[in-house]
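Remarks on the structure that follows.
Numbering (our numbering), first residue to last: 4 to 569.
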């Protein structure tokens, strides 16, 4: 088990023979031992120069607000203050808990006075204020001691710091406040997300209830028309049979309405903190109980609910991708017949729309529109889905051929595909007008298709690359978290995430489904030896089942997820 920084501070077993310190004391960006470690509000630390470079490279400006994201967990830091870019890194405190360990290990730190740095003066640091988390030169230290606001602060000489570990640990109200603030912020974000989920579920239930009531009202109106017609033309015997059937139908409709009314206000929401919670950063949504679901980290798709056969054209269908709409209808694209198909909640076809090319990936954009990519095409095609009618809306140009697509929000999309040189792939964030907000490339062989998916908090992007037999994970700032390869993964197709941010990756040649943890380690192979290669996957909104499409097959396979432990 890795030793924590706090354990290292409290331990007497720190090496004093040179820079062979724990890997926990390495900067996550440069992978070298910390130099002048600065700590972000999310509690991740980086060398001052590394953090400055990261801010300079990734900061975005929205009016008076400047913001960037932690390269580890994606936590947003922002400022409205008019501070020069080269000074912004100084807003973040030193991680003074690490300093005693580094100095005990005889790491050369070259610490300079924090106060003098703000006025572009370089003065060697001599002392440390454990409350302000600043290192000070001799003059600034004297001023700090005489100041009314800081006269009670604990000041330690840096030369004595390696032997003052207990003092450092016991004089850290600022760190305690930072931790409490971070926990409060996490609690606020979780509750806000929970409220949003609750509101969406209420709206969905309201809409479904309205649909049910409309259906029952239509049935009653139809019954009334039949009765009026029967009064004119039916015999007495026919009238008797008809009346009996209508009474039964009305009674069934009444029971259905009463049942819906009784359940309409039963939706509740409860937040629970998982006992497995060990960190307040980079936490999968299921780990903090934000949606009230039971974790399914060890699950098995052991139940094939049913298969549905779809026929949409002259050729054998090949449904390369699918998605659910807000009202639980299904949209899927047929590569061979070049159609976009709308299905009802029981997977029966409602309507189809003829596309101008072979479709590859599909995603919802808001509640009423869908975005589709076409193979070998440099456009995203936006279609409107209203009143069970599919109509074209617009085309959005892209720099290269785009295969994978996912909605980042209602105004922006993420697309991916090969750059064209056979050595690199790209992903970019674009607006509905085709403006490129950000563009990123990564090394990967081939010119083949990709699929993309986002985690629930929209901080991590997953891209599968078919010919490279790989899955790549990125932060939205462009940082690459991992590239996954495995002997059981060949010809990867679609990728999707469940309610706990576990990643599901379809193996096209071994005909399997791999489940990965959010950090890229293989949890298990949940489905093996499928009769047909899986191509598309989409999770049901309640998260307990998913739908598969297969290579050149008209079948839709619906699986339910169960815990391995029951």
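Heads up, the beta-carbon is just placed ideally off N, CA and C, and yes, glycines get one too. All of these numbers come straight from a predicted model, not from anything done at the bench.
When the options are compared against residue i, the one with the closest alpha-carbon
| i | options | result |
| --- | --- | --- |
| residue 361 | 346, 99, 121, 379 | 379 |
| residue 34 | 512, 50, 69 | 50 |
| residue 464 | 429, 80, 489 | 429 |
| residue 78 | 188, 541, 137 | 188 |
| residue 141 | 128, 509, 320, 482 | 128 |
| residue 412 | 421, 432, 424 | 432 |
| residue 545 | 121, 503, 125 | 503 |
| residue 424 | 368, 447, 103, 527 | 447 |
| residue 534 | 527, 515, 521 | 515 |
| residue 397 | 146, 375, 403 | 375 |
| residue 466 | 501, 421, 436 | 421 |
| residue 513 | 437, 477, 553 | 553 |
| residue 134 | 155, 477, 478 | 155 |
| residue 479 | 143, 550, 61 | 61 |
| residue 337 | 320, 58, 329, 28 | 320 |
| residue 160 | 150, 132, 146, 147 | 132 |
| residue 435 | 163, 368, 113, 523 | 368 |
| residue 438 | 348, 407, 415 | 415 |
| residue 459 | 500, 120, 350 | 500 |
| residue 575 | 162, 341, 485 | Examination of residue 575 is not possible in this model, given that the chain is present from 4 through 569 alone. |
| residue 363 | 405, 354, 394, 395 | 405 |
Inter-residue CB distance, residue i and residue j (contact presumed, cutoff 8 Å)
| i | j | result |
| --- | --- | --- |
| residue 334 | residue 373 | 6 Å |
| residue 137 | residue 124 | About 14 Å separates the two Cβ atoms, so there is no contact after all. |
| residue 358 | residue 352 | Residue 358 to residue 352, Cβ: 16 Å. No contact. |
| residue 399 | residue 385 | 7 Å |
| residue 526 | residue 493 | Rounded, the Cβ-Cβ distance is 19 Å, inconsistent with contact. |
| residue 559 | residue 350 | 6 Å |
| residue 112 | residue 192 | Going by Cβ atoms, the distance from residue 112 to residue 192 rounds to 35 Å, so no, they are not a contact pair. |
Contact check, residue i vs residue j, beta carbons under 7 Å
| i | j | result |
| --- | --- | --- |
| residue 457 | residue 409 | yes |
| residue 70 | residue 56 | no |
| residue 366 | residue 356 | no |
| residue 47 | residue 75 | yes |
| residue 329 | residue 390 | no |
| residue 523 | residue 455 | no |
Contacts around residue i, its chain only, beta-carbon distance under 7 Å, and the 5 residues preceding and following it disregarded
| i | result |
| --- | --- |
| residue 309 | Because the pLDDT of residue 309 is 42, which lies under 50, any placement of that residue in the model is unreliable, and the number read from its coordinates should be weighed accordingly. Within the same chain, residue 309 has close Cβ partners 561. |
| residue 348 | 331, 332 |
| residue 92 | 41, 51, 54, 55, 58 |
| residue 491 | 510, 513, 515, 517, 528 |
Contacting residues, own chain, Cβ-Cβ under 6 Å from residue i (five flanking each side not counted)
| i | result |
| --- | --- |
| residue 505 | 518 |
| residue 442 | 431 |
| residue 401 | 381, 418 |
| residue 555 | 319, 321 |
| residue 116 | 126, 128, 139, 140, 143 |
Cβ-based neighbour list, residue i, same chain, cut-off 8 Å, excluding 5 preceding and 5 following
| i | result |
| --- | --- |
| residue 548 | 308, 542, 561, 562, 563, 564 |
| residue 3 | Given that the chain is displayed from residue 4 to residue 569, the structure contains no residue 3 and the question cannot be resolved. |
| residue 468 | 428, 447, 449, 451, 453, 474, 475, 495 |
| residue 511 | 469, 493, 494, 495, 496, 536, 537, 538, 554 |
| residue 444 | 422, 427, 428, 429 |
Below-7 Å beta-carbon distance, residue i vs any chain C residue
| i | result |
| --- | --- |
| residue 425 | Of the chains in the structure shown, none is chain C; there is only one protein chain. |
Please confirm if the stretch 37 to 46 is in contact with the stretch 91 to 99, defined as three or more CB-CB distances below 8 Å between the two stretches.
Remark: three or more beta-carbon pairs, one from each stretch, lie closer than 8 Å, so the stretch 37 to 46 and the stretch 91 to 99 are flagged as touching.
On the three-pair Cβ rule with 8 Å, is the stretch 525 to 542 touching the stretch 316 to 331?
Between the stretch 525 to 542 and the stretch 316 to 331, the count of Cβ pairs shorter than 8 Å is three or higher; the stretches touch.
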